[in-house]
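Student: I'd like to ask you about the structure that follows.
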Amino acid sequence: MEQHETILRGLGVSTGIAIGPITVQANDVPTIPETAIGDTKVKKECARLQEALARTRHTLKDLKSKTSGLRANLSSAQSISREINLLLDAHLHMLEPSSRLVRTMQHHIEGDKMNALWAVAQAVETLANQFQAMDDPYLAARAGDVRELGSRVLRSFNGETALSHKYPSGHIILADDFTPADTVLLDPAHVLAIATASGGRESHTAIMARAMNIPAVLGAPDLATQSYPSGTPAILDGSEGIIILNPRPDTLKIYQQKRASAQQQQRQFSQLRDKQAKTTDEQKITLLANIELPRECAHVLDNGAEGVGLLRSEFIYMNRDDLPDENEQYLFYRDIIEKMDKRPVTIRTLDVGGEKLATSMGDMLNEKGENPALGLRAIRFALKFPHIFRVQLAAILRACQHGQGRILLPMISCAQEIIEARSILADVAAELKERGEKINEPLPSIGIMIETPAAALAANNIAHLCDFFSIGTNDLTMYALAIDRGNEEVAHLYTPLNPAVLHLIHLASLAAHKHAIPLVVCGEIAADPFYTALLIGLGAHELSMSPGAVPKVKNRILSINAKGAHDLAQRALKARDDEQINGMMEAFHAKEK
Ligand code: PEP
Ligand code: MG
Numbered sequence: 001m002e003q004h005e006t007i008l009r010g011l012g013v014s015t016g017i018a019i020g021p022i023t024v025q026a027n028d029v030p031t032i033p034e035t036a037i038g039d040t041k042v043k044k045e046c047a048r049l050q051e052a053l054a055r056t057r058h059t060l061k062d063l064k065s066k067t068s069g070l071r072a073n074l075s076s077a078q079s080i081s082r083e084i085n086l087l088l089d090a091h092l093h094m095l096e097p098s099s100r101l102v103r104t105m106q107h108h109i110e111g112d113k114m115n116a117l118w119a120v121a122q123a124v125e126t127l128a129n130q131f132q133a134m135d136d137p138y139l140a141a142r143a144g145d146v147r148e149l150g151s152r153v154l155r156s157f158n159g160e161t162a163l164s165h166k167y168p169s170g171h172i173i174l175a176d177d178f179t180p181a182d183t184v185l186l187d188p189a190h191v192l193a194i195a196t197a198s199g200g201r202e203s204h205t206a207i208m209a210r211a212m213n214i215p216a217v218l219g220a221p222d223l224a225t226q227s228y229p230s231g232t233p234a235i236l237d238g239s240e241g242i243i244i245l246n247p248r249p250d251t252l253k254i255y256q257q258k259r260a261s262a263q264q265q266q267r268q269f270s271q272l273r274d275k276q277a278k279t280t281d282e283q284k285i286t287l288l289a290n291i292e293l294p295r296e297c298a299h300v301l302d303n304g305a306e307g308v309g310l311l312r313s314e315f316i317y318m319n320r321d322d323l324p325d326e327n328e329q330y331l332f333y334r335d336i337i338e339k340m341d342k343r344p345v346t347i348r349t350l351d352v353g354g355e356k357l358a359t360s361m362g363d364m365l366n367e368k369g370e371n372p373a374l375g376l377r378a379i380r381f382a383l384k385f386p387h388i389f390r391v392q393l394a395a396i397l398r399a400c401q402h403g404q405g406r407i408l409l410p411m412i413s414c415a416q417e418i419i420e421a422r423s424i425l426a427d428v429a430a431e432l433k434e435r436g437e438k439i440n441e442p443l444p445s446i447g448i449m450i451e452t453p454a455a456a457l458a459a460n461n462i463a464h465l466c467d468f469f470s471i472g473t474n475d476l477t478m479y480a481l482a483i484d485r486g487n488e489e490v491a492h493l494y495t496p497l498n499p500a501v502l503h504l505i506h507l508a509s510l511a512a513h514k515h516a517i518p519l520v521v522c523g524e525i526a527a528d529p530f531y532t533a534l535l536i537g538l539g540a541h542e543l544s545m546s547p548g549a550v551p552k553v554k555n556r557i558l559s560i561n562a563k564g565a566h567d568l569a570q571r572a573l574k575a576r577d578d579e580q581i582n583g584m585m586e587a588f589h590a591k592e593k
C-alpha cells in the first residue's frame, strides 16, 4: 500500500538537508521480571548487579573521554561538553558503592530477596519519585537524570555499553529527546540528521548539533505522539525545520536539487578565504572567531577569520578539582596569541556561574539561589574572589606581550564593575613589573560584554571606561525578554528580532560610535547570514562567530550595501514586532538577489 507523505514541523536548529531512512530511537529498557529469589541465588544476583554497575561505570567513563575528545574539534560545543561531563560525573557519583542508590539496590536483593533487574528498577523509581516530589524545581528536574541513569544500568544487563552502536549508518535519527550526552556520541560521518520532540533553538543539543554540522530539527511535538516505523524514507530540512516522511517523488526531487545547490555553495565559499570582507560600498567588516582552545586556531585561520573575537576562557577552570595557576594560564593564552600571529585575540575573563559551572571553584559557586542566571556569575564572581581574578589577569598581561591581546569583561551591569576591574588590572600590572616580568605598555585594550539590558541602556554613560563593546546577543535577548534560551516551552518567543533587543543594540552602537570605540557582535546571530545586513546597519564594525561560519557570512557581506543596511536597521527600529522586522529583512535580501 502506498504511504502518504506526512510533514512534521519543528524548530530548524542546524542547517542542512538529509535524505534517507529513519531510525527511531527506542527507549529499549528490558522488561523487568519481578521474581522472589531463594538464599542460594542472592550471591549470583548480587554479582549480576555488580557486573552491570561496572559496565555502566565503564560506559560513563568512555562517554567522558569521548566528550573531552570532542572539545578538540568543536568550538561552540565546548561549554556543553563541559556540562555533559558534569552530568556524567554526577551519574558516576550515584553509582559509587556507598551511594544511597546502590545501597538500596543491594538491599532489595539481599534483604528483600528480589532479582537484580527488579532491584535496580525499584531503587531508581524510589529515588526519582523522591526528587520529583521536591519543591525546588531544579531538584525536581533531577528525577529525569536518575531515570536516565537507571535505564542505562538496566540496558547494561544486556551487555550494552554505549548508545552509539545502535544507529545504522546513513539514517535520520528520530527520538523523543536527545540528551547532550547522546549527541556527543553521534558520529557526523555516519548520522545523516537528528529530529526530536523536545528541545529549544539554543538548547545544548541544538548548539552541539550545529557545532558538529549535523542537520537537526528539534521540538517537533508530533514525534512524541505519533509513531513511525524505522526504515521509513524521509527528508529532513534543518533550515526550514521540517521532516517529510514518505516523500512523494516530486518532493524528493525538489530536495535533492536543494541539497545539491547547498553543496555547490559550500565549495564556492571555500574560495573566499583570502578575500577582504567589504560591503558593495566599500565598508570593511572585520570577521573574527569564537574559540576556546589553542588547537582551534588552525580552523580559525583556515576559514579566513582575522583574529579571535571571543576566547571563552572559562574552559581552563572546568573539569578539574584545582584552580589553574598563573603559569599554566600564561602558557595557554600565549599559545593562542602566538598561533594567531599578531592578529587580535580577545580574551574574555572567566564567565563562570549561572549554567556555567566549574568544579574547581568548589563551594565558591554553591550559592545557586532561585535564579542562577541572575546570581553570582562572570564579573560578579571575579570581583568577589579577586585572588582568582588577579591570577588570570597576570597570566593574560604576560601573554599579551607575545602578540595582540585584548581583554573582555563579561556580564557587566554597572560602571563600578569596570572601574574595579581596571583598578585590579593596574595593580596586577604594577606587581608584575615589580617581579621583573615583561608586560606591554600601554596595557591591553579592555572591552565589556554588552549582554545585560543595564549595560546597553547605560552604554553612553560607561563607554568612556571601555576600549570596545562586544554585544552578546544570546544573553542580551534572554535577559531583555526574560526568556530562558534553552527552554522549548518559550522558544517561540525567544527572538533577537524583538524590537526591544534591537533598541538595546542600537543604544550600545550609538554610544560606541559617539566614543569612537569598536562595536563587536559575538552572539550566535553573528554567525547567521540572515542577520548580517541588520547588524551592519545597526553599526557593527566586527562580527565574531564559530570559525566555520566565517565564509558564509563573508559571502553575504560581499553583496550588502552598507547604506541600504543602515536604512533597513532604521526601519526595523520603528517596526511593531519581530514578524514585521523579519519581513523587512526577507524583502531586503530578495531585492539584493
Ligand atoms: C552571549 O551571551 O551572546 C555570548 C556570546 O556569551 P556566552 O554565549 O558565552 O554566554
Ligand atoms: Mg553571555
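First residue of the sequence shown: 1, per my numbering; consecutive thereafter.
C-beta atoms are modelled at their ideal positions from N, C-alpha and C, and glycine is treated no differently.
On a predicted model such as this, the values are computed, not experimentally measured, just so you know.
Are P551 and N213 close, meaning C-beta to C-beta below 7 Å?
Tutor: No.
Student: From what residue to what residue does the alpha helix (DSSP H) around P233 run?
Tutor: Note, P233: premise wrong, no alpha helix (DSSP H); beta strand (DSSP E) at 233-237.
Student: So the candidates are N290, M318, F315, R295; which of them puts its Cα closest to the Cα of G307?
Tutor: With distances taken between Cα atoms, G307 lies closest to N290.
Student: Given that a residue counts as buried once 16 or more other Cβ atoms are within 10 Å of its Cβ, and exposed if not, what is T23?
Tutor: With 16 or more Cβ atoms within 10 Å of its Cβ, T23 is classed as buried.
Student: Identify which residue in Q276, Q401, E5, L236 has its Cα closest to the Cα of T196.
Tutor: Of the candidates Q276, Q401, E5, L236, the one whose C-alpha sits nearest the C-alpha of T196 is L236.
Student: Let me check you understand the geometry: is the CB of E451 closer than 6 Å to at least one non-hydrogen atom of the ligand MG?
Tutor: Yes, since a heavy atom of the ligand MG falls inside the 6 Å radius drawn around the Cβ of E451.
Student: At a cut-off of 6 Å, would you count G472 as near the ligand PEP, judging by its Cβ distance to the nearest heavy atom?
Tutor: G472: yes, Cβ under 6 Å from the ligand PEP.
Student: Have a look at G144 and A421 and give me their C-alpha separation to the nearest angstrom.
Tutor: Cα-Cα distance, rounded: 40 Å.
Student: At a cut-off of 6 Å, is D567 close to the ligand PEP when judged by its beta-carbon and the heavy atoms of the ligand?
Tutor: Checking the Cβ of D567 against the ligand PEP gives no.
Student: To which residues of the same chain is I37 closer than 8 Å at the C-beta, ignoring the five residues directly before and after it?
Tutor: Counting only Cβ-Cβ distances below 8 Å, and skipping sequence neighbours, we find E45, I109, K113, M114, N115.
Student: Less than 7 Å between the C-beta atoms of L535 and V521, yes or no?
Tutor: Contact: yes.
Student: Less than 8 Å between C-beta atoms, sequence neighbours within five positions excluded: which residues of the same chain meet that for A162?
Tutor: The predicted model places A162 with a pLDDT of 45, which falls under 50 and marks its position as unreliable; any figure quoted below should be read in that light. Around A162: T59, D62, L63, L185.
Student: I224 to G10, Cα distance in whole Å?
Tutor: Note that residue 224 corresponds to Ala in the displayed sequence, not to Ile. Straight-line Cα distance between these residues: approximately 12 Å.
Student: Which of helix, strand or coil does DSSP assign to L383?
Tutor: Residue state, collapsed to three classes: helix.
Student: Pop quiz: V345 and P547 are said to be a contact at Cβ under 8 Å. What is the actual Cβ separation, rounded to whole angstroms?
Tutor: Contact flag wrong, Cβ pair sits at about 14 Å.
Student: Ordered along the chain, which non-local residues of its own chain (more than five positions away) have a Cβ less than 6 Å from that of T286?
Tutor: These residues qualify, in order along the chain: E306, E542.
Student: Return the bridge partner residues of Q404 from the DSSP annotation.
Tutor: Q404 pairs with P344.
Student: Please check the pair E234 and G523, which I expect to be a contact at CB under 8 Å, by giving their CB distance rounded to whole angstroms.
Tutor: The sequence shown places Ala at residue 234, rather than the Glu named in the question. Not really, about 32 Å apart at Cβ, beyond 8 Å.
Student: Using only the alpha-carbon positions, how far apart do A399 and I244 sit?
Tutor: About 52 Å.
Student: Along the chain, where does the alpha helix (DSSP H) that runs through V102 open and close?
Tutor: First-last of the alpha helix (DSSP H) with V102: 100-110.
Student: Report buried or exposed for S75, applying the criterion of at least 16 other Cβ atoms within 10 angstroms of its Cβ.
Tutor: Model confidence at S75 stands at a pLDDT of 46, short of 50, so the residue's coordinates are unreliable; what they give is reported in the following sentence. Buried: at least 16 other Cβ atoms inside 10 Å.
Student: Just how far apart, CA to CA, sit H515 and Y330?
Tutor: Using only the alpha carbons, I get a separation of about 32 Å.
Student: Using DSSP with H/G/I as helix, E/B as strand and the rest coil, what is A562?
Tutor: Of the three classes helix, strand and coil, the one that applies to A562 here is helix, per DSSP.
Student: Taking the beta carbon of S470 as the centre, do at least 16 other beta carbons fall within 10 Å, making it buried, or is it exposed?
Tutor: S470 should be labelled buried.
Student: Could you give the residue range of the beta strand (DSSP E) that holds S470?
Tutor: Segment 468-471, the beta strand (DSSP E) holding S470.
Student: M114 bridges to which residues according to DSSP?
Tutor: DSSP lists A36 as partners of M114.
Student: For R620, which residues of its own chain have a beta-carbon under 7 Å away from its beta-carbon, when the five flanking residues on both sides are left out?
Tutor: In this structure the chain extends from 1 to 593, so residue 620 is not present and cannot be described.
Student: Can you check whether the CB of G403 is closer than 7 Å to the CB of K339?
Tutor: No; because the gap between Cβ atoms is not below 7 Å, this pair is not in contact.
Student: Report yes if the CB atom of V124 is closer than 7 Å to the CB atom of V102, and no otherwise.
Tutor: For V124 and V102, no; Cβs fall outside 7 Å.
Student: According to DSSP, is L510 helix, strand or coil?
Tutor: In the structure shown, L510 sits in a helix (DSSP, three-state: H, G or I).
Student: Who are the near neighbours of N73 in its chain, counting only those whose CB is closer than 7 Å to its CB and skipping five residues on each side?
Tutor: In this prediction, N73 scores a pLDDT of 44, lower than 50, which makes its location untrustworthy; no coordinate-derived value is stated.
Student: Going by DSSP, what residue range makes up the beta strand (DSSP E) through P21?
Tutor: Its beta strand (DSSP E) spans residues 17-24.
Student: Note down the Cα distance separating G564 from I557, rounded to an integer number of angstroms.
Tutor: Taking the straight line from one Cα to the other gives about 12 Å.
Student: Measuring only the C-alpha atoms, how far is N327 from R295?
Tutor: Approximately 19 Å, taken between the alpha carbons.
Student: Hey, V13 and A262: beta-carbon distance below 7 Å or not?
Tutor: Against a cut-off of 7 Å, the Cβ pair of A262 and V13 comes out as no contact.
Student: Short of 6 Å in beta carbon distance, which residues of its chain neighbour T205, apart from the five on each side in sequence? Order them along the chain.
Tutor: Contacts found: F178, P180, T183, G199.
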